[in-house]
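Per the working numbering, the very first residue in the sequence shown carries number 322; after that it's consecutive. No residue lacks a Cβ here, since even glycine has one placed at the ideal position from N, Cα and C.
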Amino acid sequence: MSNPTYTLKQAFAQPAALTMFFFGFTSGLPFLLVSGTLSAWLKESGVSLEMIGLISYATLTYSFKFLWSPLVDQLRLPLLGKLGQRKSWLLAAQLLLCASLVAMSLISPHALMLFVAFTFLAAFAGATQDIVVDAYRIEIAPQEVQGALAATYTLGYRFALLASGALALILADHIAWGLIYQSMAALVVILMVVTYLAKEPTRSEKKFDSFAAMMQDGVIGPFKDFFVRYSGLVGVALLLFMGLFKISDQMLGVMAMPFYLDSGFTKTQIGAVSKLFGVWVGIAGAFIGGACVVRYGIERSLFVGMIVGGLSNLLFILL
């Protein structure tokens with residue numbers, strides 16, 4: 322086995338490592354703004370819990386982003402396309418995200434249909450950012466430094482969760498929600514400057530004769546390959562497992578914010594404990610989970626993690 326080309330210091334000193342920190346930030350910023358943080362705004366605006374639950378389905382765009390990922394990978398955008406495939410799509414997604422956040426800040430949540438439309442646009446832009454950033458990370462640097470890029474990406478993502486979660490909630494005790502969303506849009510503008518200045522990665526392009534061929538390569542083909550390896554009920558069971566194993570967190574998570582507010586907690590308290598403290602607990606959990614996989618194997622660790630994760634939702638009874 323050959324030795325790594327880069328030392329740890331050299332890997333983190335790559336310009337791409339700093340770029341991925343900012344790209345991690347841009348990927349992480351919109352998620353809470355269309356889920357947890359948004360549910361606090363909607364609750365304070367008097368929107369019913371039923372509607373809050375329905376609006377939370379905007380986050381499903383993150384689960385179904387594979388449907389338009391071939392377009393992001395292959396379709397050249399007009400005007401912006403000269404910047405490169407990755408930079409042009411990321412800038413377009415950031416522009417859509419910025420415009421959607423500003424629109425949400427100017428529209429009352431009581432104009433529900435229009436507000437929901439821009440919420441879904443913001444979520445779509447966030448999911449599209451994820452597609453581009455994942456591809457950019459793989460293409461911008463050699464395999465030997467991918468660990469460093471993943472680390473700086475994750476750090477940026479976590480900082481974005483602090484900004485759109487803890488900071489936004491704390492500020493909401495002092496200023497209007499509209500101003501908070503406009504401030505988040507201003508952060509996106511800064512990130513657009515970073516994207517414009519970033520280096521476009523070199524990539525080998527696949528040429529397709531039609532949209533159907535593109536979908537065959539990017540979506541249908543991988544599904545066929547999956548069911549070749551895991552045929553019949555085994556494949557279906559695996560897909561259901563991957564889609565549903567965190568269903569308890571997803572269903573209860575969006576209602577946690579209204580529940581905290583109804584329980585008498587201030588937004589500052591929620592931001593400090595649930596978001597600020599919770600982010601670091603999540604980071605610690607990732608390290609503990611990794612250690613358990615090394616020590617006990619992935620199957621046993623995953624089984625125990627599923628049970629503990631599901632039971633953890635029962636702690637809401639104590640509030």
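- A contact between stretches requires three or more CB pairs, one per stretch, nearer than 8 angstroms, and the segment 606-623 fails this requirement with the segment 510-527.
- As the crow flies, the alpha-carbon of residue 402 is around 19 angstroms from that of residue 535.
- Taking 8 angstroms as the cut-off, the Cβ atoms of residue 497 and residue 422 do not count as close.
- One alpha carbon belongs to residue 638, the other to residue 502, and they sit about 32 angstroms apart.
- Nearest neighbour of residue 452 by Cα position, chosen from 412, 593 and 511, turns out to be 412.
- In the three-state reduction of the DSSP assignment, residue 524 falls in the coil class, being assigned neither a helical nor a strand state.
- Counting C-beta pairs with one atom in each stretch, the segment 476-489 and the segment 349-356 have three or more that are closer than 8 angstroms, which means they touch.
- Residues 556 of the same chain have their beta carbon placed closer than 7 angstroms to that of residue 548, with the five preceding and five following residues left out of the count.
- When DSSP states are grouped into helix, strand and coil, residue 601 belongs to the helix group.
- Counting along the chain, the unbroken alpha helix (DSSP H) around residue 416 starts and ends at 406-427.
- In the structure shown, the three-state DSSP call for residue 496 is coil.
- Each residue's CA atom was taken as its position, placing residue 560 and residue 539 some 18 angstroms apart.
- In this chain, the alpha helix (DSSP H) harbouring residue 451 covers 433-461.
- For the pair residue 457 and residue 345, the CB atoms are not nearer than the 8 angstroms cut-off.
- Between residue 589 and residue 490 a beta carbon distance of about 7 angstroms is seen, short of the 8 angstroms cut, so the two are scored as contacting.
- Taking residue 368 as the centre and dropping the five residues before and after it, the same chain places the C-beta of 430 closer than 7 angstroms to its C-beta, in chain order.
- Between residue 337 and residue 511, the gap from beta carbon to beta carbon reaches 8 angstroms or more.
- Here the C-alpha atom of residue 398 lies approximately 25 angstroms from the C-alpha atom of residue 342.
- Leaving aside the five residues that flank residue 440 on each side, the residues in its chain whose CB is nearer than 8 angstroms to its CB run, in chain order, 355, 359, 376, 379, 421 and 425.
- Per DSSP, residue 561 is one residue of the alpha helix (DSSP H) stretching across 553-565.
- Ranked by Cα distance from residue 370, the options 586, 576 and 585 are led by 576.
- The straight-line gap separating the alpha-carbon atoms of residue 433 and residue 363 is approximately 10 angstroms.
- Within the same chain, Cβ atoms closer than 6 angstroms to the Cβ of residue 479 are found at 600, the five residues on either side in sequence being excluded.
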